[in-house]
Amino acid sequence: MSQNPETLQPPTSSTHPSGKPRVRFAPSPTGYLHVGGARTALFNWLFARHTGGTFILRIEDTDLERSTDAMVEGILQGMRWLGLDWDEGPFFQTQRMELYRQSAERLLKSGHAYYCFCTKDDLETRRAKATAEGRPPKYDGTCRGLTPEEAARRRAAGEAAAVRFAVPESGATSWNDAVFDKVEFANTEIEDFVLLRSDGVPTYHLSVVTDDIDMQMTHVIRGADHISNTPKQVLLYQGLGAAMPVFAHVPLILGPDKTRLSKRHGATSVISYREEGLVPEAFRNFLALLGWTPVEGSGEILGDQQLIELFSLEGIARADAVFDRAKLDWFNTEYIRAYPAQKLLPMVEEEWQKAGLEPQRRDPTWLLATIDLLKPRARSLKDFATSFRAYFTDQFEADPAAVAKFLKDDAVRAMLVELGEQYSRQEEFTEAETERVLRDFAAAKNVKAGVLINGARVALTGQGVAPSLFAVMAALGKEKTVVRLRAAAGA
RNA sequence: GGCGCUAUCGUCUAGGGGUUAGGACGGAAGAUUCUCAAUCUUCAAACCCGGGUUCGAUUCCCGGUAGCGCUACCA
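Numbering (the working numbering), first residue to last: 15 to 505.
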């Protein structure tokens with residue numbers, strides 16, 4: 015009682031006997047992998063990869079009602095898309111139930127826990143009463159004073175009992191957080207939380223701590239929403255006589271309205287970003303910089319290797335961060351632009367496949383060159399199957415706005431048809447030649463070359479925005495150029 | 001309500017007892033005239049408030065305010 019709380023703190027084990035850290039990502043399959051979870055996973059992964067440690071995936075499915083196999087699959091899918099490969103697991107808590115019961119047993123034996131016979135209804139009415147009377151709604155300790163004999167008798171009589179942790183009635187519980195420094199809670203603020211439900215299923219705190227001990231975690235990197243849970247878990251480490259890991263709580267990700275990111279804010283599932291044509295590495299880069307800054311300033315475009323190299327817990331911020339979609343899109347354009355066509359090709363092909371687009375030319379040299387031509391203007395991988403369609407297939411529709419802007423004039427359309435005829439007689443179809451022909455033609459017709467160029471761009475690509483027209487012609491080739499120019503008559 | 005955490009441009013952030021408070025995204029303006037979602041140039045934009053400590057606080061301390069988190073036999 016009179017002891018300094020500090021001395022009650024179990025020793026911290028920031029290194030495994032192997033000398034290498036062990037960290038985990040432990041999602042609950044009650045929903046898809048969301049942005050916040052993904053960032054937590056990313057930080058753990060970066061930390062493990064930076065330190066040469068081990069990254070473990072553990073599925074916390076002890077909420078039998080809400081956990082589903084579909085969500086497990088969804089989470090795994092999200093992890094794979096993000097490229098966050100794990101070294102051990104996935105472990106499922108539902109397959110480790112015996113272990114949790116054993117630690118509950120130990121806690122019971124050592125007097126750190128007791129049986130509680132209060133029913134859910136009892137608790138609810140008492141909680142409601144307490145709240146109404148302005149008292150804190152924590153467990154009132156009804157069963158805490160029961161003698162072991164009494165408890166045993168009632169259990170033998172068939173009464174259902176949960177197991178609760180007996181929180182010290184005085185003192186304080188604290189830990190040194192790697193992000194928030196020292197955090198301390200008065201023990202009187204912590205209620206006697208449930209370890210084992212009356213049906214024998216463990217609750218979160220018991221299973222987490224038991225697993226983290228059993229799996230020899232050295233660092234627990236998780237969302238700051240767990241800060242208030244941590245004293246309970248510290249108490250559990252003490253009760254179990256185990257060394258504590260280093261806790262690192264990461265600030266939360268907020269929506270643009272500064273409330274916790276949720277479905278209300280649109281896409282929160284990681285997988286929806288794949289569907290939107292995001293490059294995984296761009297997404298990682300963006301996520302990594304939400305709440306973390308490299309200690310050595312080094313720009314913001316940080317690929318996986320640089321992220322791994324630079325990552326450290328010291329750079330984690332304490333304030334919550336707002337998810338900024340515009341910046342995410344910027345990262346995406348930067349990555350698409352910087353990637354060699356060779357690297358982009360499989361991703362682009364995936365988009366084609368999803369869009370049911372069958373490219374009409376398949377020779378790799380041409381494909382690669384065309385991707386290189388287009389990628390500086392791409393914002394999303396999706397663009398290759400949408401606004402860039404016309405480069406790869408004849409099945410495309412012109413953007414009405416572009417037509418209205420550049421192709422509405424009958425005279426221009428007639429001239430484009432005529433120009434097409436000229437090109438059809440053209441032997442040499444290079445960028446320089448096609449440009450010379452167009453400019454000569456414009457001069458002969460006494461119109462500005464730009465008018466023809468803009469019109470031709472829409473006729474050829476269906477878009478008002480495209481690379482240099484003559485590069486487009488070269489990519490399309492003479493035949494398609496001529497056909498589409500002739501078709502301008504009916505545009 | 002209680003407890004905990006946090007507070008620098010709109011957003012992500014750097015910085016730190018004396019600075020023109022830096023960068024990035026986004027925004028605005030201009031250049032380019034072969035379009036722009038490309039490129040280049042330029043601009044606007046912040047230390048939550050009040051006390052205290054100090055020669056001097058955006059920085060350190062205290063209080064307030066605000067936001068967020070937790071407050072389950074959810075995780």
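For every residue, glycine included, the Cβ atom is placed at its ideal position computed from N, Cα and C.
Asked                                                                                                                     : Found
Beta-carbon contacts of N58 that lie in its chain and below 7 Å, excluding the five residues immediately before and after : V37, R38, F39, F69 and I235
Spatial distance of K277 from Q91 (CA atoms)                                                                              : 19 Å
Cβ pair count under 8 Å reaching 3, the stretch 408-428 against the stretch 464-482                                       : yes
Span separating the alpha-carbon of L474 from that of D343                                                                : 27 Å
Buried versus exposed call for V479 [16 or more other C-beta atoms within 10 Å across all chains shown]                   : exposed
E20 (DSSP reduced to helix, strand or coil)                                                                               : Low confidence applies here, because E20 scores a pLDDT of 34, under 50, leaving its location unreliable and the question unanswered by this model.
Extent of the continuous alpha helix (DSSP H) run through K459                                                            : E445 to K459
P43, buried or exposed, once every other Cβ within 10 Å from all chains shown has been counted against 16                 : buried
C-beta atoms of F61 and D225 nearer than 9 Å                                                                              : no
Range of the contiguous beta strand (DSSP E) that encloses V264                                                           : V260 to V264
Sub-9 Å separation of S124 and G253 beta-carbons                                                                          : yes
Option in E365, K357, K492 and T282 with minimal Cα separation from V49                                                   : T282
Where D377 falls, given that 16 or more other Cβ within 10 Å makes a residue buried                                       : exposed
Sequence-distant residues of the same chain with beta carbon closer than 7 Å to L387, five excluded per side              : P481, A485 and A489
Whole alpha helix (DSSP H) elements within the stretch 337-404, 4-residue minimum                                         : 339-352, 355-369 and 378-388
Contact set for G51: own chain, Cβ-Cβ below 7 Å, skip 5 residues either direction                                         : P41
Cα-Cα separation, E435 to R500                                                                                            : 7 Å
Where S401 falls, given that 16 or more other Cβ within 10 Å makes a residue buried                                       : buried
Which of helix, strand or coil DSSP assigns to W95                                                                        : helix
Segments of 3+ residues assigned as beta strand (DSSP E) that fall wholly inside the stretch 130-166                      : none
Three-pair Cβ contact test at 8 Å for the stretch 380-396 versus the stretch 355-362                                      : yes
L78, buried or exposed, once every other Cβ within 10 Å from all chains shown has been counted against 16                 : exposed
Terminal residues of the beta strand (DSSP E) in which F300 lies                                                          : Element bounds for F300: not the beta strand (DSSP E) but the alpha helix (DSSP H), P294 to A302.
Pair within 9 Å by beta-carbon distance, Q477 and A428                                                                    : no
Helix, strand or coil at G103 [DSSP, three-state]                                                                         : strand
Straight-line Cα distance separating V293 from V431                                                                       : 40 Å
Identity of the residues DSSP links to L71 by a beta bridge                                                               : F39
E348 to R288 span [Cα, whole Å]                                                                                           : 16 Å
Strand pairing of H48, partner residues [DSSP]                                                                            : S283
Rounded C-alpha distance that separates P216 from L250                                                                    : 13 Å
Pairwise C-alpha distance: P360 and V309                                                                                  : 35 Å
L56 beta carbon less than 9 Å from that of R298                                                                           : yes
Expected contact under 8 Å - CB spacing of Y153 and L220 to nearest Å                                                     : The pair is not a contact, with the Cβ atoms about 16 Å apart (cut-off 8 Å).
Buried/exposed call for E173, threshold 16 Cβ in 10 Å                                                                     : exposed
Which of helix, strand or coil DSSP assigns to I235                                                                       : strand
Burial state of P245 (16 or more Cβ within 10 Å)                                                                          : buried
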